[in-house]
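Chains as they are written, first to last, in this note's numbering: chain A, 7 to 115; chain B, 2 to 114.
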Amino acid sequence: KNEVEQSPQNLTAQEGEFITINCSYSVGISALHWLQQHPGGGIVSLFMLSSGKKKHGRLIATINIQEKHSSLHITASHPRDSAVYICAVVSNTGNQFYFGTGTSLTVIP
Amino acid sequence: KAGVTQTPRYLIKTRGQQVTLSCSPISGHRSVSWYQQTPGQGLQFLFEYFSETQRNKGNFPGRFSGRQFSNSRSEMNVSTLELGDSALYLCASSWGVGTDTQYFGPGTRLTVL
């Protein structure tokens, strides 16, 4: 049983396209994180959300607590956005972290 | 400000041995979390320490343990290594517990032969 489901698993886009990655979860949460992992392993935290919407540059993250769903949007995608994007939730019972399996994004010039 | 550092970066061990990995958090951060990443299981939460106390623990056997020192540096230990323990071990630090932005280290790549 996966507490966090991401879709799609793989995504290929042309440079400039608008991209959406979805995350659904089944547990009650206190926070949701979006992470970016480049080849070689380094992980960067993009957003931490507990409600609403956050924007940073070309990246937008939204969360709907009632629907137990979050989306990560990338506007005007660029080849440097190519990475694996991981959704993680912190449960509101015991502060456990649960991770999605990641979405592998490739942006073609 | 220096980022999260992990040592060693690469490690090769044989089955049955034990290993200790080290993580130095960003200065001022009091929370350190450890994660295991494998191709098959993805990222999994190991444990979280805050002010030298283990606050949360993931679903791993007792062979996996950790501790945090008064300067917030943390170590994790894996005893009686198994082939399946081969993985990238990541630590992350944050100001607080769970709901703060996490800053990840580069990871330690452990290979068990």
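Just so you know, even glycine gets a beta-carbon here, dropped at the ideal spot from N, CA and C.
From the beta carbon of P62(B), is the nearest beta carbon of chain A less than 7 Å away?
no
Could you list which residues in chain B have their beta carbon closer than 9 Å to that of I92(A), in chain order?
Against chain B, the beta carbon of I92(A) has neighbours under 9 Å at G43 and L44, listed in chain order.
What first and last residue would you give for the beta strand (DSSP E) that runs through N78(B)?
S75 to V79
So that I know if they touch, is there some Cβ in chain B lying closer than 7 Å to that of G58(A)?
Chain B contact via Cβ: absent.
Quick one: give me the first and last residue of the beta strand (DSSP E) that N101(A) is part of.
No beta strand (DSSP E) contains N101(A), which DSSP labels as neither H nor E.
For chain B, is any of its Cβ atoms less than 7 Å away from the one on I71(A)?
no
Output the residue ranges of the beta strand (DSSP E) runs that lie fully inside the region 7 to 73 of chain B and measure 3 residues or longer, sorted by chain position.
11 to 14, 20 to 25, 32 to 39, 43 to 51, 54 to 58 and 65 to 69
In terms of alpha-carbon separation, which member of R16(B), G108(B), D101(B) and R10(B) lies closest to L84(B)?
With distances taken between Cα atoms, L84(B) lies closest to R16(B).
What does the alpha-carbon distance come out to for the pair S110(A) and W40(A)?
13 Å
Would you mind working out which of Q19(B), Y50(B) and L114(B) sits nearest Y36(B), comparing C-alpha positions?
Y50(B)
Can you tell me which of the three DSSP states R86(A) falls into?
helix
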